[in-house]
Amino acid sequence: MTMPDPMPEPVPAATPVAKNAISAKPGPFTVETVLAVKHFTDRLFSFRITRPASFRFRSGEFVMIGLPKEDGKPLLRAYSIASPFWDEALDFYSIKVADGPLTSRLQHIQPGDEVLLGRKPTGTLVLDALKPGKRLYMISTGTGIAPFASLIRDPETYEKFDEVILTHTCRQNAELTYGEELVAATRADELIGEMASEKLVHFTSVTRDEGPVKGRVTDMMNTGELYTRLGVPALDPATDRVMICGSEGLLKDVKQICLDHNFIEGSNAAPADFVIEKAFVATD
Ligand SMILES: Cc1cc2nc3c(=O)[nH]c(=O)nc-3n(C[C@H](O)[C@H](O)[C@H](O)COP(=O)(O)OP(=O)(O)OC[C@H]3O[C@@H](n4cnc5c(N)ncnc54)[C@H](O)[C@@H]3O)c2cc1C
Ligand SMILES: NC(=O)c1ccc[n+]([C@@H]2O[C@H](COP(=O)([O-])OP(=O)(O)OC[C@H]3O[C@@H](n4cnc5c(N)ncnc54)[C@H](OP(=O)(O)O)[C@@H]3O)[C@@H](O)[C@H]2O)c1
87 MTMPDPMPEP
97 VPAATPVAKN
107 AISAKPGPFT
117 VETVLAVKHF
127 TDRLFSFRIT
137 RPASFRFRSG
147 EFVMIGLPKE
157 DGKPLLRAYS
167 IASPFWDEAL
177 DFYSIKVADG
187 PLTSRLQHIQ
197 PGDEVLLGRK
207 PTGTLVLDAL
217 KPGKRLYMIS
227 TGTGIAPFAS
237 LIRDPETYEK
247 FDEVILTHTC
257 RQNAELTYGE
267 ELVAATRADE
277 LIGEMASEKL
287 VHFTSVTRDE
297 GPVKGRVTDM
307 MNTGELYTRL
317 GVPALDPATD
327 RVMICGSEGL
337 LKDVKQICLD
347 HNFIEGSNAA
357 PADFVIEKAF
367 VATD
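Okay, so the sequence shown: first residue is 87 according to my numbering, each after it adds one.
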């Protein structure tokens, strides 16, 4: 005998999600409040949000950040946490993609607005995934500097390495401002300033503007110009460790340079000589 179909549940009318009115149902994310927003260029901004007391992460990890869609469902994207683990709030550094589903809206957030924060930070760009070494390179392009904004303010980074070299390459000079302000603030910081002033080196270059140093970091690694400018010996797995964050092209090219120098890729399960994390997935 065939049972008749049960009556369908009545579908509730879609209710538009009002600003500041995200439902705080228990789920894979929490609802946090925007504390501050700073715009750097027409394509880059940073924002600070409240941090739940239970939210723990390791420096260099990423988490899902989002806003509710028209239908109330969450629209989430991966974001590197750009603040140190000891900070009371959470910082993020973001691109603005004009037709990006999330950032076309996220770029308009204001203090007091609400955003969604995933409960489970994760990632491989962590100190635990690297074997001990002398010198740590953090190679970044564009918003790929974000996880390093966390790592350069973690005391463990300086306890584990004698020298910490943060490289940041962007198309234009204005895109370096976030990193320049970050490093200046880190060197002036009460907790971490002394260690950072002693050990942190900030190397910047631009590729489509005139600047003190022009060119891709990969080209400068291949020619040796990077090491000459820094006054350090060429890359060596006996002493150096490398973290890479940027576009897929950057990851591929720096990974190849590391492999050519006999570096082994590390992971949380098997710490080794270098680790990588995408800053975004390119479509063009
Ligand atoms: C592990 C991981 C960590 C990430 N951390 C960050 C972060 O800290 N800050 C951040 O801004 N983004 C980060 N992203 C990218 C982020 O998840 C989103 O792609 C970005 O917020 C744009 O979302 P969207 O919905 O507006 O557009 P999407 O549909 O996600 O992206 C549209 C296109 O925009 C371009 N794009 C996306 N993100 C970037 C970017 N960051 N820089 C340059 N071009 C980009 C790409 O061509 C992409 O295909 C990360 C991605 C991954 C995988
Ligand atoms: N930045 C802008 O002004 C701008 C404007 C409009 C649209 N977009 C779009 O936004 C997306 C991201 O732009 P973005 O500037 O943030 O990121 P990006 O294209 O990854 O460039 C950031 C920096 O990384 C360098 N780079 C790229 N690939 C590399 C590689 N394989 N090895 C070493 N260095 C590498 C770039 O040099 P090169 O300059 O040599 O590539 C640039 O200096 C792109 O899809 C782009 O088309 C960007």
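Built from N, CA and C at the ideal position, the CB exists for glycine as well.
- For R273, the secondary structure class from DSSP, reduced to helix, strand or coil, is helix.
- Here D157 carries a coil assignment [DSSP, helix/strand/coil].
- Per the C-alpha coordinates, the member of M307, Y264, H288 positioned closest to H125 is Y264.
- Nearest to F247 by alpha-carbon distance, out of A168, N354, T325, is T325.
- Fewer than three pairs of CB atoms, one per stretch, sit closer than 8 Å, so the stretch 134-143 makes no contact with the stretch 341-354.
- For G152 against L202, the beta-carbon gap comes to about 4 Å, under 8 Å, which counts as contact.
- Taking C-beta separations shorter than 6 Å and ignoring five residues to either side along the sequence, the partners of S291 in its chain run T255, V299, G301, following chain order.
- In the DSSP assignment, V299 forms no beta bridge with any residue.
- Non-local beta-carbon contacts of D295 in its own chain, meaning distances under 6 Å to residues more than five positions away in sequence, involve Q258, N259 in chain order.
- Membership of R134 in the beta strand (DSSP E) is indicated by the continuous run 130-136.
- The stretch 221-236 makes no contact with the stretch 187-204, as fewer than three CB pairs between them are under 8 Å.
- Straight-line spacing of the CA atoms in P160 and F366 works out to 19 Å.
- For V117, the enclosing beta strand (DSSP E) has its first and last residue at 115-125.
- Around the beta-carbon of R129, 16 or more other beta-carbon atoms lie within 10 Å, marking it buried.
- Each residue's CA atom was taken as its position, placing M329 and P138 some 28 Å apart.
- For E261, the shortest C-beta to heavy atom distance toward ligand 1 is 8 Å or greater.
- Counted as a single uninterrupted DSSP element, the alpha helix (DSSP H) harbouring I343 occupies residues 334-346.
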